[in-house]
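Line by line, the protein sequences give chains A and B. For the first sequence, the working numbering begins at -11 and goes up steadily by one. For the second sequence, the working numbering begins at 46 and goes up steadily by one. Where a beta carbon is used, it is the ideal one built from N, C-alpha and C, also for glycine. First the structure, in the form of structure tokens, and then the observations on it.
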Amino acid sequence: MAKEKQPKLSEQAKKDIDNTMRREKVIKEITSELTKGKKYKKYFEKYNPVSTKSFIESYARRKAQWLEWGPNYLQRDINEKLRFREMASTFLWEIQQKKLFNLQCKWRAGEVVLPGIEVSWDFLKWEQKIKTCPYIDAISQEEFDLYKQYMTSESYQPKHFMSSWQGYDFYRTEYLNGGESMMPTPAWYVYHDTMMGTGNLFMLPNIKGDKEQFYLNLVKAEEDEKAKKSKGKKSKKNDVPAIVKAINPNFDGKPPIIPDYKTKEEFIKKFEDKTLLKYFKAMEQEDDTWQEDQALDDCLELFSYEMIDENMQIEFKNPDDLKDSIFRAAADFELTQITNCLDAAYEEYQMKASNGISFVENDEMVEFADTTFNSIINFIKEQILHGRELNGEPRNFDY
Amino acid sequence: MAKRVKKEEAELSDVGKLMIKNTKEDDKLKQEILKDLKKNPKYKEYFSTYNKQTVEAFIKNYAEAKWRYLKYGEMYLKKEDEEISRYKNRAERLFWLIQQKKLFNLQCQFRAEKITIPGIELCEDFDYWEKAIKTCPFLDRVSEEEFNLLVEFINSGAYDYDNDYEYCDWQSYQKSFGDDDWKKELPDWYDFFDDKMGTGYLLDLPDIRGEKELKYTRLASKQRMEDYKKEHPEYNPSAKSDPRPMMGYSDDFIVDFIKRFDDPVLLKYHALMDRSDYDDSGYPELSNALEDLKNAEIPIPVAEGGSWQEVIITSMAEHEVRQLNKALPIVFDEYLFRLDNNISFGYSDAELEEQTRTRKMIDDHHRKSVLQGRKLNGEPEDLNF
């Protein structure tokens, strides 16, 4: 009879099998030690041998797991305990973001010149690298005290996920016209402006910004004109926006395919049978539901282990909504923990600053700021310079 | 090399062998899916419209996802079915408890030989009708009064949020085996019903029929034991069993053992790795309450409670009662509509399987034992006793 040809195992499967064999070997060794080791003899003799055999089997399997994964769990636990301290250290830099933002307002009004800042987008780059931003002084005690006051006040609000620290246009419009935009002004900025009277910086004219827009509009008009003329002749490659070409010259002009809920659903409907579509729908929740469930579990984990350790009372503040109350209780706890760590974080900051120890940015942030983001800014700069040319002006940023 | 690996595999424990077998099977399926996505021309045109690098990433991601769907989809599908109309389903299940109690009352009378019921020959036949309660032919239709009683029960303190009423043995009659405490083991709903309807006296009726059946089944069982001994002469039930206590797997045993014999760091690993995602010790209802909370489409008012666990459980219990109050009248209306229009009540495949299994158990075991006992007692091999 012909033997069915077994496919070659994938690298991952080989790794999994190796791991299983190694684990099984450890289990065997532990079992052998427990069964034959003299030091256990007296202890096990106290119990019914049927049950000791089962105990040994179970214990050996669990011990193998502890040895394999325990160090990771321990590290995670340590990280978890340091989490609030690290968050407090990260939060401190919001003080510097506000100072940079104020500087941006002055730069736009032409009140200050900052070496290395050529266009307003440069501020977005320094947002990513705030710890090494050369234009702002070190955090003073007064500045820290104000920030701490904010963190413990009713005004505290976590930054909206859409808002950036140096996103000027939305915040200025919000300040001048009222209402709330899709990128709401960070509550820290509002607090700072209220307490320090720095809101009037929004009243300064946006001279630089308006000029940049003027030059970019000239380029846009030129591109529109070109597009009109070459209509119908375009190849796919030429359809790629200039900014994308500037960032990734090898881009093939086709849209990316992202394995999100919608695309997978579309793919399954197109190529798979109805059963798989049912399985997919049963197993994959749309992100928001899944995220909310996960967030709820995280809150309960916090209640169960961290809040108990801290002897914290859990208050359900919204009597009409249990879920909201749970989220708020967890957020309140986290905020308290962070604010409790602020003094220590500031002390560490001062120690580093006074000893000339440099602050290190997250590698990913630096890489993003220096590569992709830099390409975007360079592209914009090029456009502005071209706009200057179109207006019969010199190719520089002296405007 | 391959031979050595084969040998090592052959020496593994059963769990190890199974894990490796599963890994190989999973890998085979994963590779098939990947190959299909990469090579099958049917996808070519579709993928050609997307950026090449992202297509590769998509294929990898989708292949893993498709493998998960194929492996676990069926299981999730069942889970999802349970979630659909959660409270409507719960209300339906609760509704049939009215008929379960009425059937139980008939059982008491049947056992006392106060009534005969066509189709019921043995006490165990009630177990079958417990599984087929919706089509039980000898129960009156649910009256308005009975329905209102159930609603009253749900809104009373007697209704237990975490009692999974689906898994109760509604026709389990333990009087013959236990002491006077057997009444305490009866469902809260039965107590409530008896209290309001004055039917508690039925529990005090003698179990004449049950005891007769027991006499016969005991004879049969004795005979079976003797037959077994003849076939297995080595069997010695009077041999002294090991008097030493049994070891368990509980935390106490594990922690004690590590403290005595192992590296103390294992205590930390054990505490971190073997703890539950959240602290539900002493609150077995918490996981159900949490599931309900996650599925809730509307905000749930916060109830009074001591610990956070109690607050969540009580809030969800109160929410359930509110939802059941809405769903139960709908269930009752549907019930009446079906009866008035001769539309039969359906059973799920699982319920039908359960009915068949129960019928078979009764016929293969209980009925057979009773008949055998009759014969052993020198009586006719029938059920006329």
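Taking residue i as the reference, which of the options has the closest Cα?
i                      : options                       : result
residue 157 of chain B : B:164, B:147, B:163 and B:168 : B:168
residue 412 of chain B : B:166, B:76, B:277 and B:110  : B:166
residue 110 of chain A : A:355, A:219 and A:364        : A:364
residue 194 of chain B : B:206, B:285 and B:147        : B:147
residue 345 of chain B : B:352, B:358 and B:297        : B:358
residue 47 of chain A  : B:61, B:249 and B:300         : B:300
residue 388 of chain A : A:265, A:277, A:321 and A:269 : The structure shown does not extend to residue 388 of chain A, since chain A is modelled only from -11 to 387, so the question has no answer here.
residue 389 of chain A : A:368, A:105, A:137 and A:-4  : The question about residue 389 of chain A has no answer, for chain A in this structure spans -11 to 387.
residue 76 of chain A  : A:67, A:387, A:334 and A:348  : A:334
residue 70 of chain B  : A:2, A:296, A:16 and A:11     : A:2
residue 141 of chain A : A:352, A:183, A:122 and A:361 : A:183
residue 255 of chain B : B:159, B:393 and B:118        : B:159
residue 343 of chain B : B:367, B:51 and B:332         : B:367
residue 135 of chain A : A:164, A:112, A:158 and A:181 : A:181
residue 97 of chain A  : A:7, A:73 and A:198           : A:198
residue 370 of chain A : A:379, A:361 and A:383        : A:383
residue 45 of chain A  : A:64, A:28, A:62 and A:23     : A:23
residue 337 of chain B : B:361, B:323 and B:350        : B:361
residue 259 of chain A : B:375, B:390, B:313 and B:88  : B:88
residue 243 of chain A : B:356, B:98 and B:140         : B:98
Could you have a look at residue i and say whether DSSP puts it in helix, strand or coil?
i                      : result
residue 93 of chain A  : helix
residue 382 of chain A : coil
residue 141 of chain B : coil
residue 86 of chain B  : helix
residue 329 of chain A : helix
residue 343 of chain A : coil
residue 387 of chain A : coil
residue 58 of chain A  : helix
residue 153 of chain A : coil
residue 52 of chain B  : helix
residue 315 of chain B : helix
residue 42 of chain A  : helix
residue 283 of chain A : helix
residue 37 of chain A  : helix
residue 67 of chain B  : helix
residue 291 of chain B : coil
residue 348 of chain B : coil
residue 202 of chain A : helix
residue 272 of chain A : coil
residue 375 of chain A : helix
Please return the same chain residues whose Cβ sits closer than 6 Å to the Cβ of residue i, not counting the five positions on each side in sequence.
i                      : result
residue 171 of chain B : 152 and 216
residue 93 of chain A  : 189 and 192
residue 14 of chain A  : 52
residue 133 of chain B : 372
residue 428 of chain B : 166
residue 354 of chain B : 328 and 331
Ordered along the chain, which non-local residues of its own chain (more than five positions away) have a Cβ less than 8 Å from that of residue i?
i                      : result
residue 420 of chain B : 426
residue 323 of chain A : 139 and 144
residue 306 of chain A : 312, 313 and 316
residue 282 of chain A : none
residue 128 of chain B : Low local confidence applies: a pLDDT of 47 at residue 128 of chain B is under 50, so the model's placement there is unreliable, with the coordinate-based value given in what follows. Excluding residues within five positions, the ones whose Cβ falls inside 8 Å are 340.
residue 121 of chain A : 84, 88 and 114
Please work out which residues of its chain come closer than 7 Å, Cβ to Cβ, to residue i, disregarding the five sequence neighbours upstream and downstream, and give them in chain order.
i                      : result
residue 135 of chain B : 369
residue 337 of chain A : 80 and 127
residue 207 of chain B : 329, 330 and 333
Practice item. Please list the segments of the alpha helix (DSSP H) lying wholly inside the segment 147 to 222 of chain B, counting only runs of 4 or more residues, in order along the chain. Key: Listed in chain order, the complete alpha helix (DSSP H) runs (minimum 4 residues) inside the segment 147 to 222 of chain B are 170 to 176 and 189 to 199.
Practice item. Name, going along the chain, the residues of the segment 282 to 298 of chain A whose beta-carbon falls closer than 8 Å to a beta-carbon of chain B. Key: Listed by position, the residues of the segment 282 to 298 of chain A near chain B (Cβ gap below 8 Å) are 284, 285, 288, 289, 291, 292, 293 and 296.
Review point. Of all the residues that make up the segment 296 to 319 of chain B, which are near chain A by a beta-carbon distance shorter than 8 Å?
Key: If the cut-off is 8 Å between Cβ atoms, the segment 296 to 319 of chain B has 298, 299, 302, 305, 306, 307, 310, 311, 313, 314, 315, 317, 318 and 319 near chain A.
Review point. Whole alpha helix (DSSP H) runs in the segment 359 to 422 of chain B with 4 or more residues, listed along the chain?
Key: Those alpha helix (DSSP H) runs which fall completely within the segment 359 to 422 of chain B and span 4+ residues are 394 to 406 and 413 to 421.
Check your understanding: For the segment 230 to 287 of chain B, which segments carrying the alpha helix (DSSP H) assignment without a break, of at least 4 residues, lie completely within its bounds, in sequence order?
Key -> Runs found: 233 to 242 and 253 to 276.
Point to revise | Residues in the segment -7 to 4 of chain A having any Cβ partner in chain B nearer than 9 Å | key: Residues passing the 9 Å Cβ filter: -6, -5, -4, -3, -2, 0, 1, 2 and 4.
Exercise for review: Closer than 9 Å, Cβ to Cβ, to anything on chain B: give me those residues from the segment 251 to 263 of chain A, in chain order.
Suggested key: Listed in sequence order: 251, 252, 255, 256, 258, 259, 260 and 263.
Practice item. Could you please tell me which residues of the segment 176 to 191 of chain B, in chain order, have their CB closer than 8 Å to any CB of chain A? Key: Within the segment 176 to 191 of chain B, not one residue has a Cβ closer than 8 Å to any Cβ of chain A.
Review point. Listed from N- to C-terminal order along the chain, which residues in the segment 105 to 117 of chain A have their beta-carbon within a distance smaller than 7 Å of any beta-carbon of chain B?
Key: Residues passing the 7 Å Cβ filter: none.
Practice item. Quick one: which residues of the segment 189 to 222 of chain A get their C-beta closer than 8 Å to a C-beta of chain B? List them in chain order. Key: Cβ proximity to chain B below 8 Å picks out nothing from the segment 189 to 222 of chain A.
Point to revise | Unbroken stretches of the alpha helix (DSSP H), 4 residues or longer, contained in the segment 118 to 166 of chain A | key: Counting only runs of 4 or more, we get 129 to 139 and 156 to 165.
Review point. Relative to chain B, which residues along the segment 51 to 63 of chain A have a C-beta separation below 9 Å, given in chain order?
Key: Cβ contacts with chain B come from 51, 53, 54, 55, 57, 58, 59, 61 and 62.
Point to revise | Within 9 Å of chain A by C-beta, residues of the segment 354 to 371 of chain B in sequence order | key: Taking 9 Å as the Cβ-Cβ cut-off against chain A, the residues of the segment 354 to 371 of chain B that qualify are 354, 356, 357, 360, 361 and 364.
Review point. Name the residues in the segment 60 to 72 of chain B whose C-beta lies less than 7 Å from a C-beta of chain A; which are they?
Key: Result list: 61, 64, 65, 68, 69 and 72.
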